[in-house]
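In what follows, a single structure is set out as structure tokens and then discussed.
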Amino acid sequence: MGSVPEEMALGFGDLVGDLREVYESGRTRDLEWRQSQLRGLVRLLEEKEEDIFDVLREDLGKHRGESFRDEVGVLKKSIVDKLQNFKNWAAPEKAHTPLVAFPATAFVVPEPLGVVLIFSCWNLPIGLVLEPLSGALAAGNAVVVKPSELAPSTSAFLAANLPKYLDPKAVKVVEGGADVGERLMEHRWDKVLFTGSSRVGRMIMTKAAKHLTPVALELGSKCPCIVDWLDSNRDSQVAVNRIIGAKWSTCSGQACIAIDYVLVEEEYAPILIEMLKTTLKKFFTKPEYMSRILNEKHLKRLSDLLADRRVAASVVHGGHFNPKTLTIEPTLLLNPPLDSDIMTEEIFGPLLPIITVKKIEDSITFLKSKPKPLAIYAFTRNEKLKNRIIEETSSGSVTFNDAIVQYGLDSIPFGGVGHSGFGQYHGKYSFEMFSHKKAVLKRSFLIEFMFRYPPWDETKIGMLRRVYRFDYISLFLAIIGLRR
Amino acid sequence: MEAVAVAAGAREQLRASFSSGRTRPAAWRAAQLRGLLRMAAEMEAQICAALRADLAKPRTESYVHEISLVTSSCKFALKNLEKWMKPKKVPAGLLTFPSTARVTAEPLGVVLVISAWNYPFLLAIDPVIGAIAAGNAVALKPSEIAPATSSLLADLLPRYVDSSCIKVVEGGIPETTALLEQKWDKIFYTGNSKVGRIVMSFAAKHLTPVVLELGGKCPVVVDSNVDLHVAAKRIAAGKWGCNNGQACISPDYIITTKSFAPKLLDSLRKVLEKFYGKDPLRSADLSRIVNSNHFNRLKALMDEEMVSDKIVFGGQSDEQHLNIAPTLLLDVPLDSAIMKEEIFGPLLPIITVDKIHESFALINSMTKPLAAYLFSKDSKLKRQFERNISAGGMIFNDTGIHLTNPHLPFGGVGESGMGAYHGTFSFDAFAHKKAVLDRSFLGEANARYPPYTHGKLKILKGVMKANPLAMVQAIVGCTGGA
Numbered sequence: 001m002g003s004v005p006e007e008m009a010l011g012f013g014d015l016v017g018d019l020r021e022v023y024e025s026g027r028t029r030d031l032e033w034r035q036s037q038l039r040g041l042v043r044l045l046e047e048k049e050e051d052i053f054d055v056l057r058e059d060l061g062k063h064r065g066e067s068f069r070d071e072v073g074v075l076k077k078s079i080v081d082k083l084q085n086f087k088n089w090a091a092p093e094k095a096h097t098p099l100v101a102f103p104a105t106a107f108v109v110p111e112p113l114g115v116v117l118i119f120s121c122w123n124l125p126i127g128l129v130l131e132p133l134s135g136a137l138a139a140g141n142a143v144v145v146k147p148s149e150l151a152p153s154t155s156a157f158l159a160a161n162l163p164k165y166l167d168p169k170a171v172k173v174v175e176g177g178a179d180v181g182e183r184l185m186e187h188r189w190d191k192v193l194f195t196g197s198s199r200v201g202r203m204i205m206t207k208a209a210k211h212l213t214p215v216a217l218e219l220g221s222k223c224p225c226i227v228d229w230l231d232s233n234r235d236s237q238v239a240v241n242r243i244i245g246a247k248w249s250t251c252s253g254q255a256c257i258a259i260d261y262v263l264v265e266e267e268y269a270p271i272l273i274e275m276l277k278t279t280l281k282k283f284f285t286k287p288e289y290m291s292r293i294l295n296e297k298h299l300k301r302l303s304d305l306l307a308d309r310r311v312a313a314s315v316v317h318g319g320h321f322n323p324k325t326l327t328i329e330p331t332l333l334l335n336p337p338l339d340s341d342i343m344t345e346e347i348f349g350p351l352l353p354i355i356t357v358k359k360i361e362d363s364i365t366f367l368k369s370k371p372k373p374l375a376i377y378a379f380t381r382n383e384k385l386k387n388r389i390i391e392e393t394s395s396g397s398v399t400f401n402d403a404i405v406q407y408g409l410d411s412i413p414f415g416g417v418g419h420s421g422f423g424q425y426h427g428k429y430s431f432e433m434f435s436h437k438k439a440v441l442k443r444s445f446l447i448e449f450m451f452r453y454p455p456w457d458e459t460k461i462g463m464l465r466r467v468y469r470f471d472y473i474s475l476f477l478a479i480i481g482l483r484r
Numbered sequence: 001m002e003a004v005a006v007a008a009g010a011r012e013q014l015r016a017s018f019s020s021g022r023t024r025p026a027a028w029r030a031a032q033l034r035g036l037l038r039m040a041a042e043m044e045a046q047i048c049a050a051l052r053a054d055l056a057k058p059r060t061e062s063y064v065h066e067i068s069l070v071t072s073s074c075k076f077a078l079k080n081l082e083k084w085m086k087p088k089k090v091p092a093g094l095l096t097f098p099s100t101a102r103v104t105a106e107p108l109g110v111v112l113v114i115s116a117w118n119y120p121f122l123l124a125i126d127p128v129i130g131a132i133a134a135g136n137a138v139a140l141k142p143s144e145i146a147p148a149t150s151s152l153l154a155d156l157l158p159r160y161v162d163s164s165c166i167k168v169v170e171g172g173i174p175e176t177t178a179l180l181e182q183k184w185d186k187i188f189y190t191g192n193s194k195v196g197r198i199v200m201s202f203a204a205k206h207l208t209p210v211v212l213e214l215g216g217k218c219p220v221v222v223d224s225n226v227d228l229h230v231a232a233k234r235i236a237a238g239k240w241g242c243n244n245g246q247a248c249i250s251p252d253y254i255i256t257t258k259s260f261a262p263k264l265l266d267s268l269r270k271v272l273e274k275f276y277g278k279d280p281l282r283s284a285d286l287s288r289i290v291n292s293n294h295f296n297r298l299k300a301l302m303d304e305e306m307v308s309d310k311i312v313f314g315g316q317s318d319e320q321h322l323n324i325a326p327t328l329l330l331d332v333p334l335d336s337a338i339m340k341e342e343i344f345g346p347l348l349p350i351i352t353v354d355k356i357h358e359s360f361a362l363i364n365s366m367t368k369p370l371a372a373y374l375f376s377k378d379s380k381l382k383r384q385f386e387r388n389i390s391a392g393g394m395i396f397n398d399t400g401i402h403l404t405n406p407h408l409p410f411g412g413v414g415e416s417g418m419g420a421y422h423g424t425f426s427f428d429a430f431a432h433k434k435a436v437l438d439r440s441f442l443g444e445a446n447a448r449y450p451p452y453t454h455g456k457l458k459i460l461k462g463v464m465k466a467n468p469l470a471m472v473q474a475i476v477g478c479t480g481g482a
């Protein structure tokens with residue numbers, strides 16, 4: 001049995017102990033085993049695709065189109081990429097050795113960290129489990145997955161199916177809420193990956209410190225989108241499509257890399273707003289094309305953001321909430337006050353503030369005063385502006401002329417910096433996140449340099465100086481006695 | 001409190017300097033590195049004097065293990081700086097076609113380096129080299145347990161590098177705590193695991209990433225199939241030749257077979273006498289114990305009941321001069337303090353087993369060390385050692401020298417730490433690798449957007465599988481019907 005009902009695993013000591021034994025037996029290090037696990041994940045995604053669409057609709061009201069685009073499809077591609085490459089990644093890599101250590105060979109040998117713990121989040125409840133899980137398995141670890149209890153159907157799906165498609169001795173699912181997470185963290189792990197809020201991230205890292213457990217934290221942030229003047233109508237429409245795609249089409253804006261707010265020049269704002277309104281109507285012809293808000297608590301949180309009178313006054317489109325269906329229509333705001341909650345907290349919902357600046361370059365100054373976000377987006381053809389954004393701002397990543405799509409690329413690292421977290425994954429980075437790179441130096445007994453050893457005298461020190469300057473000729477001459 | 005004011009003040013100044021952009025240009029970074037090079041060259045005598053005052057470190061060790069390593073680290077960084085700073089293009093793939101992707105390295109911002117007392121010059125400057133190369137502003141807190149080196153650094157650094165961006169903050173526990181309470185973009189700590197835990201808990205409050213270079217018990221397995229004399233010399237060089245055993249990568253204990261132990265002991269005795277003479281307490285080639293705390297700690301390890309009668313060589317000590325002679329012990333109990341704690345001194349227990357393979361279980365019963373060593377000519381044994389022993393780093397047929405190779409990452413795993421540095425890894429430790437994706441406005445895939453239809457889903461599935469027809473459909477904006 002691979003899943004542990006919360007009532008039974010009060011202390012989790014047995015769970016961790018068992019997994020450690022399994023890991024130490026060497027089972028998970030075997031390349032064939034890792035391949036079978038990755039294949040198992042691919043089969044899970046193929047055979048259970050409809051079930052996955054069902055649980056995502058139950059938990060979040062996600063449409064299957066969105067579920068495939070953002071979770072299932074990306075995952076399959078990424079896991080196939082790992083299947084093709086993990087053997088290369090796991091192979092020792094030769095490192096250059098200076099002649100001074102001759103004869104010697106040096107290698108960097110990746111090894112699994114051991115027994116790792118993955119905390120997932122509720123908004124991409126399949127993706128945020130399976131992507132890191134595939135990396136941890138490719139790297140040869142034993143894994144515990146703790147799905148978010150706020151997406152209960154998905155959590156139950158994972159608890160029922162991961163043991164069927166993966167090795168239940170080495171991969172366990174632990175369901176439950178915050179208290180379960182805290183109790184898991186009382187134990188030592190070889191690595192913990194946490195995706196979620198900074199508040200919980202702090203608790204996780206503090207508990208990890210007691211055991212010197214290394215952690216990676218994928219936290220939230222306010223991802224800004226700079227929208228520059230775009231001369232052609234076609235470009236503008238493409239930009240608007242992509243902005244909408246990155247806000248309301250992605251879990252109704254409940255995503256760490258969703259566009260949180262827009263920065264645009266004063267004169268361009270009305271044009272942008274009109275285009276957004278028109279295109280929103282074109283895309284969201286049926287309510288089922290937008291995910292719902294997770295639960296009442298989050299609905300209240302979002303409606304409270306609009307409770308501030310000044311903020312309510314800045315609404316230029318939408319604003320309607322339906323507590324019965326847990327939906328909020330796409331809402332645009334123009335210049336809500338910068339000190340309001342909607343401009344200081346991560347929105348994580350379908351409300352889009354549009355902040356105007358005099359010149360588009362002012363948006364860079366604006367961003368420099370804010371905490372570092374997970375992603376910065378900019379729609380522009382101005383190469384100088386692009387370079388200034390890269391050089392003068394800091395963020396997990398930067399994407400020009402699109403948004404969210406960086407998540408699907410296996411060749412670039414995905415992760416935050418500063419407030420948005422630390423540690424990177426996706427593609428090879430997922431493998432490395434759960435690996436230790438062991439330095440291995442192999443020496444032979446031949447060729448002994450006497451000047452390595454005490455008792456010390458000036459001659460020996462002179463030899464050593466030559467060695468450390470990589471002054472081999474002078475060293476050779478000194479050894480054969482032709483130099484002092 | 002004054003310590004808090006000093007810490008907050010230092011951090012504020014460093015933040016202002018970093019925000020001004022001063023540390024970003026390659027020219028600034030190179031100038032600082034060249035300043036450190038000059039400092040190591042011009043101040044060699046003063047540095048050696050400070051190390052002698054703090055540790056009675058022999059001049060050769062000061063030169064070979066500290067100054068020359070700083071010099072080569074600076075040179076390596078200067079040589080590679082441009083390469084490290086250059087963005088790296090990566091394939092963008094078909095999913096976002098047409099687009100370009102690259103990874104660019106940016107400084108984290110303002111970082112804190114907390115150094116250790118045993119290599120007080122090297123372990124202060126080496127991480128600072130990485131921080132500077134990556135374009136950060138740095139606060140350096142040298143160890144107060146090596147006070148002569150600490151005040152030398154406080155005096156020299158402002159003369160050789162830009163003190164608006166690189167600051168030394170001296171002090172003990174209150175000063176270090178005050179620094180840890182500030183918010184940094186990274187903290188780099190070298191020391192023991194008890195304090196490592198404290199550093200990480202402080203870092204957690206600000207969600208600050210850390211590198212922890214900690215210690216452990218570095219085992220040396222000695223097989224009978226070796227060139228014994230060479231092995232003994234190399235073990236001695238890594239143990240007593242490295243600050244008299246007070247080094248994180250020093251051999252902590254030896255495991256060998258019962259049948260081979262007498263030969264090994266004999267060889268070690270000969271080598272020790274050759275290196276340090278018949279009266280090692282008077283040898284100028286051995287560091288002293290750093291202070292009376294550690295002296296008493298080591299004495300207690302030696303004097304423990306069931307341990308003191310296992311001393312087979314050495315054991316002499318001189319409390320007044322804080323000297324302890326190279327000491328060999330044979331088969332101390334595995335539950336004695338000397339086998340449970342990191343020794344960090346000139347005592348070397350030798351544990352015997354029946355078959356050499358039994359050494360693996362013993363090593364794996366302890367926490368993962370910073371380094372593990374095996375002396376053997378047996379390829380199969382070496383392969384098994386590499387596969388089954390986890391450690392920060394590993395050497396076959398030598399000790400300690402892997403840290404001189406800038407192409408190898410140097411760091412621990414498990415209890416011995418997290419993160420790595422040296423060479424490129426130093427730069428990486430203090431940089432954020434930012435992904436930059438540049439998409440064109442062409443290739444607008446309408447299949448991405450609602451209203452979601454069956455036809456669109458089909459196209460998306462094809463795109464994910466890199467199906468050429470689907471790619472074309474996506475790029476030209478097909479929606480595949482209803």
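Residue numbers (the UniProt record's numbering), protein chains in the order written: chain A, 1 to 484; chain B, 1 to 482.
Where a beta carbon is used, it is the ideal one built from N, C-alpha and C, also for glycine.
Does chain B have any CB closer than 9 Å to the CB of residue i?
i, result
"Asp235(A)", "yes"
"His317(A)", "no"
"Leu212(A)", "yes"
"Arg20(A)", "no"
"Gln254(A)", "no"
"Pro336(A)", "no"
Under 9 Å between C-beta atoms, does residue i make it to chain A?
i, result
"His357(B)", "no"
"Phe360(B)", "no"
"Ser440(B)", "yes"
In terms of DSSP beta bridges, what is residue i paired with?
i, result
"Gly171(B)", "Answer is none; Gly171(B) lacks a bridge partner."
"Asn322(A)", "Thr327(A)"
"Pro353(A)", "Leu333(A)"
"Arg439(B)", "Ser99(B)"
"Glu44(B)", "Paired residue(s): none; Glu44(B) is not in a bridge."
"Glu93(A)", "Val108(A)"
"Glu342(B)", "In DSSP, Glu342(B) forms no bridge with anything."
Pop quiz: residue i and residue j are said to be a contact at Cβ under 8 Å. What is the actual Cβ separation, rounded to whole angstroms?
i, j, result
"residue 484(B)", "Leu133(A)", "This structure does not reach residue 484(B), given that chain B is present from 1 up to 482, and the question cannot be answered."
"Leu301(B)", "Ile343(B)", "7 Å"
"Asp70(A)", "Leu124(A)", "7 Å"
"Arg288(B)", "Ala56(B)", "4 Å"
CB residue i to CB residue j, shorter than 9 Å?
i, j, result
"Ser198(A)", "Glu131(A)", "no"
"Ala429(B)", "Phe188(B)", "yes"
"Ile404(A)", "Ala258(A)", "yes"
"residue 559(A)", "Phe400(A)", "Residue 559(A) lies beyond the range of chain A shown here (1 to 484); nothing can be said about it."
"Ala435(B)", "Gly245(A)", "no"
"Tyr276(B)", "Pro349(B)", "no"
"Lys167(B)", "Thr208(B)", "no"
"Tyr263(A)", "Ile226(A)", "What sits at residue 263(A) in the sequence shown is Leu, not Tyr. Yes. Within cutoff."
"Ile198(B)", "Ser359(B)", "no"
#### Entry: Start-end ranges of the beta strand (DSSP E) lying completely within the region 368-409 of chain B, minimum 3 residues
371-375, 393-396
### Task
Within the region 382-467 of chain A, note down every full alpha helix (DSSP H) run reaching 4 residues or more, in order along the chain.
383-392, 428-433
### Query
Enumerated in chain order, which unbroken segments of the alpha helix (DSSP H) with a length of 4 residues or greater are wholly contained in the region 177-202 of chain A?
Complete alpha helix (DSSP H) runs here, min 4: 178-184.
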